[in-house]
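K.L.:
Residue numbers (this note's numbering): 1291 to 1515.
(1) Is residue 1377 helix, strand or coil by DSSP?
(2) In whole angstroms, what is the alpha-carbon distance linking residue 1366 and residue 1391?
(3) Can you name, in chain order, every residue of its own chain whose Cβ lies under 6 Å from the Cβ of residue 1318, other than the five neighbours on each side?
(4) Does the Cβ of residue 1327 have 16 or more other Cβ atoms within 10 Å, making it buried, or fewer, making it exposed?
(5) Apart from the five residues on each side of it in sequence, which residues of its chain come closer than 6 Å, Cβ to Cβ, to residue 1323?
(6) Would DSSP call residue 1411 helix, strand or coil?
(7) Could you tell me whether the Cβ atoms of residue 1363 and residue 1374 are closer together than 9 Å?
(8) Can you find the residues in the same chain that come closer than 8 Å, C-beta to C-beta, to residue 1604, ignoring five residues on each side of it along the sequence?
(9) Just tell me which of 1428, 1399 and 1412 has its CA closest to the CA of residue 1493.
(10) With a cut-off of 8 Å on the beta carbons, I'd call residue 1480 and residue 1463 a contact; round off their distance for me.
(11) Taking DSSP as the reference, what is the three-state secondary structure of residue 1342?
(12) Have a look at the DSSP bridge pairing and note the partners of residue 1429.
(13) Please check the pair residue 1338 and residue 1389, which I expect to be a contact at CB under 8 Å, by giving their CB distance rounded to whole angstroms.
(14) Just mark residue 1498 as buried or exposed, buried being the case when its beta carbon has 16 or more other beta carbons within 10 Å.
(15) Rounded to the nearest angstrom, what separates residue 1354 and residue 1430 at their Cα positions?
(16) DSSP beta-bridge partners for residue 1530?
(17) Where does residue 1493 sit, in a helix, a strand or coil, going by DSSP?
(18) What separation, rounded to the nearest whole angstrom, lies between the Cα atoms of residue 1421 and residue 1489?
(19) In whole angstroms, give me the CA-to-CA distance for residue 1504 and residue 1325.
(20) Any idea what DSSP makes of residue 1290, helix, strand or coil?
(21) Go ahead and label residue 1393 buried or exposed: buried means 16 or more other beta carbons lie within 10 angstroms of its beta carbon, across all protein chains shown.
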């Protein structure tokens, strides 16, 4: 590929991308996102951003997931595949809270209080096989991304169901959003429906297959290898 062709490809990716794709024009819905309560705006003396500061930039727009029929599956290189209802995830597993900032490749960021379960706890239920080293996440809208299993375990990565004390609205990924701390926003997959344990370290998700780095490390450029 020539340098000119590569430059054109990068420009096209940037035009199509938000965090990674800003199909919503970078603004919250008129009047703001509807919440099921009043969001917390300070936690242990630290000021928090608002749910309404996040931009709508999903690949197919906000997904409406029916809680009653929703199932989260844990499969792949596991001893015992699991399938959970929403309440089984939220009620049968220990809850954790942490303040984490999402940084978008567009240049905006929002810091909020996330509450959820540890992805590693869900994986323990299924029992990861020795060959598993990669976790692939898939969503209701067809989006996917992956992260190293070691990163998931060492950083206590959350699968969140609340932000700032309120249930995730559809716009923010109900029923579950991954809190991929220290990673660019395209790793923060929303509307999670499947967690697959894999040995494919080269797996490329939606935006990774379009030029974004597979690592998604926030302290490195988002494009290129």
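Note that the Cβ used here is the ideal one computed from N, Cα and C, for glycine as well.
P.N.:
Let me lay it out:
(1) helix
(2) 30 Å
(3) Caution is warranted here: a pLDDT of 37 is assigned to residue 1318, below 50, making its placement in the model unreliable, and the coordinate value is therefore given only provisionally. Hits under 6 Å: 1342.
(4) exposed
(5) 1341, 1342, 1459 and 1461
(6) helix
(7) yes
(8) Outside the shown range of the chain (1291 to 1515) lies residue 1604, about which nothing can therefore be said.
(9) 1428
(10) 3 Å
(11) helix
(12) 1482
(13) 7 Å
(14) buried
(15) 9 Å
(16) A query on residue 1530 cannot be resolved here, the shown segment of the chain reaching from 1291 to 1515 and no further.
(17) coil
(18) 6 Å
(19) 33 Å
(20) As displayed, the chain neither begins before 1291 nor continues past 1515, which places residue 1290 out of reach and without an answer.
(21) buried
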